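41 is the number that full-length UniProt numbering gives to position 41 of the sequence shown; each next residue is one higher, with no gaps.
To start, the structure under review is shown below, and the notes come after it.
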Amino acid sequence: MKTQVAIIGAGPSGLLLGQLLQREGISSVIVEAKSAEYVLGRIRAGVLEQGSADLLREAGAGERMDREGHVHEGFSLAFAGRRERIDLKALTGGKTVMVYGQTEVTRDLMAAREAAGGVTFYEARDVKPEGFYGDTPRVSFLKDGERVDIECDYIAGCDGFHGVCRQSVPREAITCFERVYPFGWLGILSRTPPAAPELIYASHERGFALCSMRSDTLSRYYVQCSLDDRVDDWSDDRFWDELRRRLPEDVAASLTTGPSIEKSIAPLRSFVAEPMKFGRMFLVGDAAHIVPPTGAKGLNLAASDVRTLHRVLSIRYREGREDILEQYSPACLRRIWKAERFSWWMTSLLHRLDDDPFSRRMQLADLDYFTHSAAGRTTIAENYVGLPYEPIA
Ligand code: FAS
Ligand code: PHB
């Protein structure tokens with residue numbers, strides 16, 4: 001089998017890349033280790049930067065998002081009995097974010113790829129990216145016990161943090177940077193109305209909490225938890241009690257609780273692999289970087305990598321320029337590191353880090369300063385809506 005771009009991974013990165021390439025007439029085949037149902041079952045991100053929403057529209061997969069998604073013009077920070085709204089629209093000259101779950105983004109991209117007749121192999125086994133330092137890269141895998149080989153021009157490693165692509169790079173060719181946080185997020189999904197019309201990020205002496213949503217009838221909540229915690233340690237009642245204790249009193253008093261329909265614990269980590277291009281293989285999205293979800297950047301960073309890769313591949317095929325491909329890694333990394341900074345900063349600002357009273361006073365002073373000064377609010381707002389994309393020329 002031959003294609004121009006072999007994509008490993010059918011998460012948001014792989015599916016979005018496949019769609020953008022297809023609209024340029026650039027062929028791709030996607031190879032995914034899990035079933036489509038399994039991929040859709042992972043509950044993850046909920047907030048799309050304006051740039052990510054625009055990319056979905058460009059990919060021809062934004063129609064349901066525009067119909068069912070919710071445009072949010074601000075969010076709140078709650079601390080020390082206060083609730084401070086960050087007015088994204090006013091502080092960024094009109095930019096907003098779209099609240100629309102990653103599951104729905106993935107569903108829409110899967111449907112768009114199927115409608116376009118895109119080839120996707122699900123439940124592929126023993127997937128191997130090979131020959132990417134030469135001129136004839138290929139991806140081989142087992143499907144229903146048969147070995148399949150895809151000859152291609154380029155390989156897009158969209159296979160997430162635990163994927164095979166980054167692991168296939170010689171150790172001496174890659175540098176990894178990592179910070180693992182000493183706590184996790186316990187998240188639940190409940191068929192209840194959201195606690196508030198916009199997201200609330202709460203910094204409390206007991207720990208961090210986040211009130212988010214997927215729709216007017218589906219809410220998503222998180223509380224900071226110990227890395228020693230197991231989901232079974234947290235009954236629904238224990239979760240709701242702890243969430244209430246960390247929220248502003250008025251929000252806690254009006255909280256609608258209900259049975260959890262999904263409950264999971266996510267570890268928090270900052271991670272970046274440099275560079276992101278190895279011969280004819282590109283690392284994309286979580287395959288190359290991870291952020292703690294406090295800044296709502298994970299999915300959005302993946303989308304911006306995809307945008308950059310789509311742009312350079314489009315120029316390469318349209319103009320025959322191989323040199324343009326060398327821009328991919330530096331352009332992505334400049335934006336990635338700024339999003340890593342914001343995500344690390346929001347995590348350090350809002351979570352219970354230790355029992356040191358001085359640390360807590362520094363956090364409260366930071367929160368007080370950044371929510372009181374116009375410069376501080378603008379800093380938060382312009383990072384949250386997404387910094388400008390890197391130009392590709
Ligand atoms: P993904 O991990 O989504 O997709 C990679 C795909 O590759 C998967 O389908 C996997 O099955 C497949 N794959 C793996 N190995 C393979 C192999 N060897 N062969 C073939 N296929 C292979 N981001 C936010 O913005 N907000 C959040 O709240 C948030 N919460 C998260 C919670 C969790 C538990 C996790 C893990 C991530 C969370 N993220 C969040 C980040 C998340 O949304 C990612 O940024 C996003 O999924 C990135 O998309 P991909 O790069 O496509 O990687
Ligand atoms: C979510 O809705 O899952 C969500 C929203 C904002 C974040 C993290 C997660 O920062």
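The beta carbon of each residue, even a glycine, is placed where N, CA and C say it ideally should be.
The model shown is predicted, which means the values in this text are computed figures rather than measured ones.
Whole-angstrom distance between residue j and residue i, CA atom to CA atom
{"i": "Glu73", "j": "Val169", "result": "42 Å"}
{"i": "Ala112", "j": "Arg316", "result": "25 Å"}
{"i": "Pro330", "j": "Pro275", "result": "8 Å"}
{"i": "Leu218", "j": "Leu189", "result": "7 Å"}
{"i": "Gly298", "j": "Asp236", "result": "27 Å"}
{"i": "Arg360", "j": "His204", "result": "10 Å"}
{"i": "Gly295", "j": "Met346", "result": "6 Å"}
{"i": "Phe208", "j": "Pro293", "result": "12 Å"}
{"i": "Leu210", "j": "Ala266", "result": "14 Å"}
{"i": "Ala80", "j": "Leu364", "result": "8 Å"}
{"i": "Ala53", "j": "Pro388", "result": "14 Å"}
{"i": "Gly118", "j": "Gln22", "result": "8 Å"}
{"i": "Ile8", "j": "Val127", "result": "8 Å"}
{"i": "Gly46", "j": "Gly157", "result": "23 Å"}
{"i": "Glu123", "j": "Tyr133", "result": "27 Å"}
{"i": "Arg269", "j": "Arg138", "result": "31 Å"}
Range of the contiguous alpha helix (DSSP H) that encloses residue i
{"i": "Ala115", "result": "Gln102 to Ala115"}
{"i": "Gln50", "result": "Gln50 to Glu58"}
Residue i classed as buried or exposed, judged by whether at least 16 other C-beta atoms fall within 10 angstroms
{"i": "Phe177", "result": "exposed"}
{"i": "Leu255", "result": "buried"}
{"i": "Pro259", "result": "exposed"}
{"i": "Lys2", "result": "exposed"}
{"i": "Thr175", "result": "exposed"}
{"i": "Arg335", "result": "buried"}
{"i": "Val180", "result": "exposed"}
{"i": "Gln167", "result": "exposed"}
{"i": "Phe358", "result": "exposed"}
Where residue i sits in the DSSP three-state scheme
{"i": "Leu333", "result": "helix"}
{"i": "Thr120", "result": "strand"}
{"i": "Ser35", "result": "coil"}
{"i": "Phe370", "result": "helix"}
{"i": "Leu83", "result": "Per the sequence shown, the amino acid found at residue 83 is Arg instead of Leu. It is a strand residue."}
{"i": "Trp234", "result": "coil"}
{"i": "Thr257", "result": "coil"}
{"i": "Ile324", "result": "helix"}
{"i": "Gln363", "result": "helix"}
{"i": "Glu242", "result": "helix"}
{"i": "Ser226", "result": "coil"}
{"i": "Glu262", "result": "strand"}
{"i": "Gly157", "result": "strand"}
Span of the beta strand (DSSP E) around residue i
{"i": "Ile150", "result": "Glu146 to Glu151"}
{"i": "Val97", "result": "Val97 to Val99"}
{"i": "Val315", "result": "Checking the displayed sequence, the identity of residue 315 turns out to be Ile instead of Val. Where Ile315 is concerned, there is no enclosing beta strand (DSSP E), although the alpha helix (DSSP H) it sits in stretches over Gly298 to Glu319."}
{"i": "Leu353", "result": "That residue, Leu353, is in no beta strand (DSSP E); it is neither H nor E in DSSP."}
{"i": "Glu178", "result": "Thr175 to Ser190"}
**Asked** Around the ligand PHB, what residues have a beta-carbon under 5 Å from a heavy atom of it, in chain order?
**Response** Selection output, chain order preserved: Gly46, Val47, Ser212, Arg220, Pro293 and Ala296.
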